[in-house]
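Chemist: Heads up, the sequence shown is in this note's numbering, so the first residue is 348 and it goes up one at a time.
No residue lacks a Cβ here, since even glycine has one placed at the ideal position from N, Cα and C.
Have a look at this one before I ask anything.
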Amino acid sequence: MIPPIDAAEPTPNAVQAIAVELRRALRADAGIAVYLNDADGDLRLAYAEGSAATRFEPRRRPSGRFGLHRIGDEARPVGATLLVPIPDIRGGFIFLARSARQPFTPGERSVAGVYARQLATQLQAVDLERRWSVWARHLETIQRIGQRLARLSTEEEVGLAICTETKQVIDYHNCRVYRLEPNGADLTPIAFRGEISLYAGETTEALRCTVGEGLTGLVAQRGEPLIVDDAANDPRAVEIPGTEAIIESMLLVPLRYDERVTGVIVLSKLGYGQFGADDLRLLEILADQAAVALENARLLAGRDELLSELRALLEITQSHAEASDEGTLARNLARKMTRAADVEHCTVSRWDEGTTILRTLGEYCTAGASEAGDLTEFDLVDFPATRSCLRDRRPVVIQADDPAGDPAERALMRRLGQTTLVLLPLVTGSLPVGLVELSTHRAERRFTAAQLSFFLTMANHAGIALENARLVERLRRQADIDQVTGLVNHRHLQERLAQEVARAGRTGAPLAIALLDLDGFKGVNDRFGHVEGDVVLREVASTLRLSVRTNDIVARYGGDEFVVVMPDTGGREARAVAERVIEGIRARSYPLTDGTELRLAASAGLAVYPDDGRTSRRLLERADRAMYTVKDEGGGGLRRGVEAALRRPPPGSPGPARSPGRRGGASPAAAASGPSRPA
């Protein structure tokens, strides 16, 4: 807190000049005195001239106002006195005295008031100049602090430096720096420092709190600073375990980075009302510097961790080059994952879908850990936690001493001397094909969400590495892209649609598909040839891409038919997308090499999960049926599956589960229309 002018400080020459001039103007021959408040709020004599000034002292009256009390020699009476308040100077006033018994007239009182205001202006100027000087020194100090913080590389170093350096600009008895954890709920002290013994008993565990809990949690929750003059009696405060209640003031400021709260700085000082607005502004400026330094330290730590993780992933990805068979590869993967995860044991197992047997391919353990030995096969029926991991394709963590854990897993863990077990699915494509087990054999471990995410990424890479050359070759042969249009082909569409249906069933998210057929396209091939027809199909594919959204999947289903898969989309939104696609096809002209410009239309059927079907096949059937209904009605429109559910397919029309190129043209009614001529 920047204190006001202290009466003990040297009196400015301008103040002395005003006092001397006022004494002369009012003929105060007995003396003049100027009283000002000091830093503690008490009146002190700041300037005096004349004998009378030494025979009076200020005292607070019962009313609360100050008056002068006569002291010293009573044999030298004073004829008349005058008290003139100095406005806006914290209760200061001017005392004037005459030897003659001649009271000060109203006009003289007015003159004295003018001089008092002039004196107040001078004192305010001095006070302002002094405050600016102090602020300038503080800001220079904060700038140096910010430069030092920027050179530090860890959050702990930055936190300790905040506690140490803040003392240069704000006096405190205790300082704490909290970090808001990634979960957005927990506040962890990364540094704390007590200047006196009353704060010596604080510990990291005792100081932990959550957002919304106590004064620190309140500041983190609201993102607003707080000055507390009496923390012990503040109803929002909570008692820190292991500490005693004391009279203290607190100053709390949130750490902000990129418009979000990342932590809190807390200062405490014994006594009531020890922090003011100046302290708050200084700490806010310092907090801005500290927040940037902490974020930089976090990013540096994240960079180092990321580099380590990338090296581990690279090693795992390259493991297939080091092994000639699946067992050797699995052992290499187990060794590298053990080291990357900093655990004592790792097992890699294979699971063939449709069976209940999990078969061990390879394992690795450090010194002191126990291998599974002859436990090379496990029946998943006996291990529900493992089944859950494979079914949901998510990590599962089990602690040996957790009563809520899977009893079968815990029994096996105790047999093998394991304390913590992490189950990770091995996934290829969207199917689980195996399991990675990471275990500790010493102290129990608690893994963060980020660590589990890294472990899962390692497992995913391990699953990829376990795929052999035959699978790679097969995947290469099975191209996903249609060579004519550049869109997803029929096979890949079936896979993606099956995945989206499974995801919709698992998460409850909406899903819709639209099946489109170009009206009269057979006439294009018949009249202009298939080469020109392919040109038109490519242009139509371009129109489709421009008409759908980023997350939509556009595929060539076969011939002149296309499918748009719309994840996370309900019926109303899907209808809007499909109508936009139809209108895009209708609004565009399609030039041919001979200068002919074609105009096309499309018929579309819409199907929405789960109303129109709960399987990919059923959704395609419903969309196909709806599309045929549009064809029968003349084409160039859109129907929803449920709207055509009761309608029988047209006589002689093929079923919905046809292979690509299933018709080679449009329905009879649509094929007769042919392409339009140029304008």
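Closest to residue 784 by CA distance: which of 790, 396, 507, 805 is it?
Modeler: Per the Cα distances, 805.
Chemist: Please tell me whether residue 952 and residue 862 are closer than 8 Å, where the distance is taken between their beta carbons.
Modeler: Cβ atoms of residue 952 and residue 862: closer than 8 Å.
Chemist: Give the range of the beta strand (DSSP E) segment to which residue 932 is assigned.
Modeler: Where residue 932 is concerned, there is no enclosing beta strand (DSSP E), although the alpha helix (DSSP H) it sits in stretches over 918-934.
Chemist: Express the C-alpha separation of residue 397 and residue 447 in angstroms, rounding to a whole number.
Modeler: If you take the alpha carbons of residue 447 and residue 397, they lie about 14 Å apart.
Chemist: Just to confirm my understanding: we take residue 521, look at its own chain, exclude 5 residues before and 5 after, and list those with CB closer than 6 Å. What are they?
Modeler: The residues are 541, 546, 615.
Chemist: Quick check on the DSSP output: the beta strand (DSSP E) that includes residue 954 runs from which residue to which?
Modeler: Where residue 954 is concerned, the enclosing beta strand (DSSP E) stretches over 948-956.
Chemist: Could you check which residue in 526, 528, 527, 493 has the C-alpha nearest to that of residue 511?
Modeler: Ranking 526, 528, 527, 493 by Cα distance to residue 511 puts 493 first.
Chemist: Go through the stretch 834-871 residue by residue and report every complete run of the alpha helix (DSSP H) that reaches 4 residues or more, in order.
Modeler: Those alpha helix (DSSP H) runs which fall completely within the stretch 834-871 and span 4+ residues are 837-854.
Chemist: Based on DSSP bridge pairs, tell me the residues matched to residue 510.
Modeler: Its beta-bridge partners do not exist; DSSP assigns none.
Chemist: Comparing C-alpha positions only, which one of 802, 854, 501 sits nearest to residue 645?
Modeler: For the residues 802, 854, 501, the minimum Cα distance to residue 645 belongs to 501.
Chemist: In three-state terms, what does DSSP make of residue 789?
Modeler: In this structure, residue 789 counts as coil in the three-state DSSP scheme.
Chemist: Would you please state the rounded distance, in angstroms, between the beta carbons of residue 929 and residue 949? I believe it to be under 8 Å.
Modeler: Indeed they touch by this definition, with Cβ atoms about 5 Å apart.
Chemist: What does DSSP give as the partner residue(s) for residue 521 in the beta ladder?
Modeler: Beta-bridge pairing links residue 521 to 541, 615.
Chemist: Which class does residue 777 belong to by DSSP, given the choice of helix, strand or coil?
Modeler: Coil at residue 777, not helix or strand.
Chemist: Does DSSP classify residue 737 as helix, strand or coil?
Modeler: Note: residue 737 maps to helix in three-state DSSP.
Chemist: So, are the CB atoms of residue 769 and residue 802 less than 8 Å apart?
Modeler: Yes, these two residues count as a Cβ contact at 8 Å.
Chemist: What does DSSP give as the partner residue(s) for residue 391 in the beta ladder?
Modeler: 383.
Chemist: If you follow the alpha helix (DSSP H) that residue 754 is in, where does it begin and where does it stop?
Modeler: Run containing residue 754: 754-763, per the alpha helix (DSSP H) assignment.
Chemist: Taking the alpha-carbon positions, what's the residue 956 to residue 979 distance?
Modeler: Going by the C-alpha atoms only, they are around 25 Å apart.
Chemist: Between which two residues does the alpha helix (DSSP H) harbouring residue 602 extend?
Modeler: From DSSP, residue 602 is part of no alpha helix (DSSP H) but of the beta strand (DSSP E) over 595-604.
Chemist: Apply the 10 Å Cβ neighbour rule to residue 594 and answer buried if 16 or more other Cβ atoms are within range, or exposed otherwise.
Modeler: Result: exposed.
Chemist: If we cut at 8 Å on Cβ distances, does residue 859 have a partner in chain D?
Modeler: Of the chains in the structure shown, none is chain D; there is only one protein chain.
Chemist: Nearest CA to the CA of residue 590: which residue from 964, 552, 895?
Modeler: For residue 590, the nearest C-alpha among the options comes from 552.
Chemist: Work out the CA separation of residue 828 and residue 498 for me, nearest whole Å.
Modeler: Whole-angstrom Cα-Cα distance: 51 Å.
Chemist: As a quick exercise: from 362, 575, 506, 602, pick the residue whose alpha carbon is nearest that of residue 618.
Modeler: If we check each option's Cα against that of residue 618, 575 comes out closest.
Chemist: In terms of residue numbering, what span does the alpha helix (DSSP H) encompassing residue 878 cover?
Modeler: Residue 878 -> alpha helix (DSSP H) spans 877-894.
Chemist: CA-CA distance, residue 627 and residue 434?
Modeler: Looking at the two C-alpha atoms, the distance is approximately 27 Å.
Chemist: In three-state DSSP terms, what is residue 726?
Modeler: Residue 726 falls in the strand class under three-state DSSP.
Chemist: Could you compute how far the alpha carbon of residue 987 sits from the alpha carbon of residue 832?
Modeler: Approximately 26 Å between the Cα atoms of the pair.
Chemist: Can you list, in chain order, the residues of its chain with a C-beta nearer than 8 Å to that of residue 362? Leave out the 5 residues immediately preceding and following it.
Modeler: Same-chain partners within the cutoff: 381, 393, 394, 466, 469, 470, 473.
Chemist: Can you give me the Cβ contacts of residue 360 inside the same chain, cut-off strictly under 7 Å, excluding the 5 residues immediately before and after it?
Modeler: Cβ neighbours of residue 360 beyond the five flanking positions: none.
Chemist: Taking one C-beta from the stretch 679-690 and one from the stretch 738-756 each time, how about it: are there three or more such pairs within less than 8 Å?
Modeler: No, the stretch 679-690 does not touch the stretch 738-756.
Chemist: Look up residue 819 in the DSSP assignment and say whether it is helix, strand or coil.
Modeler: Because residue 819 carries a pLDDT of 42, less than 50, the predicted location of this residue cannot be relied on, and the following value inherits that uncertainty. Helix.
Chemist: Can you check DSSP and say which residues form a bridge with residue 711?
Modeler: Residue 711 pairs with 693.
Chemist: Which residue's Cα is closest to the Cα of residue 940: 878, 981, 518?
Modeler: If we check each option's Cα against that of residue 940, 878 comes out closest.
Chemist: So residue 958 packs on residue 907, CB below 8 Å; how close in whole Å?
Modeler: No, residue 958 and residue 907 are not in contact; Cβ-Cβ is about 28 Å, not under 8 Å.
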